[in-house]
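Enquirer: Residue numbers (this note's numbering), protein chains in the order written: chain A, 22 to 181; chain B, 22 to 181. Each residue gets a CB set at the ideal place from its N, CA and C atoms; glycine is no exception. This is the structure, below, for whatever I ask next.
Protein chains: 2
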Amino acid sequence: MSEILNISEAEWEVMRVVWASGESTSQQIALVLNGKRGWSQSTVKTLIGRLTSKGYLQARKDARRFVYTTHLKEPESLKLEVEGLLSRICSRKIPNLLAYLVEKTPMVAEDQAMLMEVLRNKQVVAEVPCDCYPGQCTCHLHASGTILSNHSYEENTYEN
Amino acid sequence: MSEILNISEAEWEVMRVVWASGESTSQQIALVLNGKRGWSQSTVKTLIGRLTSKGYLQARKDARRFVYTTHLKEPESLKLEVEGLLSRICSRKIPNLLAYLVEKTPMVAEDQAMLMEVLRNKQVVAEVPCDCYPGQCTCHLHASGTILSNHSYEENTYEN
DNA sequence: GTTTATAGTTTACAACTGTAAACGATACGC
DNA sequence: GCGTATCGTTTACAGTTGTAAACTATAAAC
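Shown next, in the form of C-alpha cells:
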C-alpha cells in the first residue's frame, strides 16, 4: 500500500519467484535464481532477509523452515515503478511514449481489441498541462497563458 | 547508442536541464536544481562530473567556463529505461499494463486519435510467447505445447 | 547421542548514490 | 597588481546494492 517502492533489481528477482508460486521457501527461491542468475544460496538468503526487513516479504514458520509470502501484488508494484519512471518526463510527452510502446509490444488480436476499447472509452481533456519544473522542459518556451493544442508532438520524438 | 543506461535518479535531473536547454553551464543547472530540489552547487557539480566521466555529458570550454551538452537523446533514454522495467514482467502481461497506462494518462483528443491509429496499424501475432524463466511466472503451469489464447488476462490484473 | 545436513543470521566488502565541504586555479574589478 | 568571485577538481562520508563466506542453531539419520 506504500506509495514508494524500495525494491532493487536483484530483490525483484526474488519477488517474482514468490509472486509466481504464491509462497516459497528460501530453497525454492535459490534454486530458481541459481539457475537464472547463478546466484549462491547465500546471496538469495541475503536478498530475502532484506526484503523481509523492508516488510515486502512475510515469513511463516513451517516446521524447521520459513515459508515466505508477500502482501504486495506484482501488478501494483510494476505500476508504481512505471509511474515513477514516467514522472521523469513531461506529461505531454507520455502519449507519444505510449505510442512507441504499443508499436513495439508484441500482442495478440484480443490485446489489440482490448486496447482499442480502452482508448475508445477514454475521456480526453482540452489540454494536458506541462508539469515540469521551469528549466527542465521546453513547454514554457512556447506557452504563455494561451491554450496550446498539440504542442507536445510537434517533434514526434517518441515514434520510431 | 549504448544499450544499457547508467543514469541515476539524481543524475537524471541534471540531464533534463541539459536536454531542455540544449546546452548549459554548471551554474544554470545548479540554479534550476537548487530551486527544484534544494541542491547546493557542490552537489550539482559532483553530478555533472559523474555524468561527464560516464560519457553522458560533453564539456566544451567557453572562455573560463564549461558548456555542457549531450549526445544522448531524452526520448531514447526513457525508452531504454521503460523497456528495462517492462522486462521485469511476463511479456504476456504487458498489454494489460499498457491498458492501465492509457487509462490513467491524461491526453488530448489528438493523442487519442494518434494512439488509435497506431493501434489500428498494429501487426498482431497469433501468440505472445512467455519469456519468463521457469519459476518466475505462472504461464508454464497452463501451457504445455498447445496454443493458448488470452491466458494472460484471465485475471485482468493490470486493469483498474 | 553424536554426526551431518539444512536453514537462518551475521559479517564483509566493493561499487554506486546522494549530498556536500574543502581546495585550487583563474579571470575581473579596481 | 591584489583581492575576490567563480569555476572545476578532490576528498568525504553515510546509505544502498550486489554478491557471498562464515557462523549458529536445529532437526534428521543412524
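Considering only C-alpha positions, which residue in the set Ser29/A, Leu72/A, Lys114/A is nearest to Cys213/A?
Expert: Since the first and last residues shown for chain A are 22 and 181, residue 213/A lies out of range.
Enquirer: Report yes or no: is there a C-beta of chain B within less than 7 Å of the C-beta of Met128/A?
Expert: Yes, its Cβ sits closer than 7 Å to a Cβ of chain B.
Enquirer: Give a yes or no on contact between the region 83-97 of chain A and the region 87-102 of chain B, applying the rule of three or more CB pairs nearer than 8 Å.
Expert: Short answer: they don't touch.
Enquirer: Scan the region 59-75 of chain A for residues whose Cβ lies nearer than 9 Å to a Cβ of chain B and list them as they occur along the chain.
Expert: Answer set for the region 59-75 of chain A: empty.
Enquirer: Just to confirm, is the Cβ distance from Tyr154/B to Lys66/A under 7 Å?
Expert: No; because the gap between Cβ atoms is not below 7 Å, this pair is not in contact.
Enquirer: Closer than 7 Å, CB to CB, is Val123/A near chain B or not?
Expert: Yes, its Cβ sits closer than 7 Å to a Cβ of chain B.
Enquirer: Could you pull the DSSP bridge partners for Tyr13/A from this structure?
Expert: Residue 13/A lies beyond the residue range present for chain A, which begins at 22 and ends at 181; the question has no answer from this structure.
Enquirer: Could you name the residues of chain A that Ala51/B contacts, counting a contact when the two beta carbons are closer than 7 Å?
Expert: None at all; the shortest Cβ gap to chain A is about 11 Å.
Enquirer: Starting from Leu106/B, find everything on chain A with Cβ-Cβ shorter than 8 Å and list it in chain order.
Expert: The answer, in chain order, is Leu99, Glu102, Val103, Leu106.
Enquirer: Taking only the alpha-carbon atoms, compute the straight-line gap between Leu54/B and Lys75/B and give it to the nearest angstrom.
Expert: Each residue's Cα considered, the two are about 20 Å apart.
Enquirer: Where does Pro96/A fall in DSSP's three states?
Expert: Reduced to three states, the DSSP call for Pro96/A is helix.
Enquirer: List the residues of chain B whose Cβ lies closer than 8 Å to the Cβ of Glu148/A, in chain order.
Expert: Neighbours of Glu148/A on chain B, chain order: Val129.
Enquirer: For Arg86/A, would you say it is in contact with chain B, using Cβ-to-Cβ distances shorter than 7 Å as the test?
Expert: By this cut-off, Arg86/A is not an interface position.
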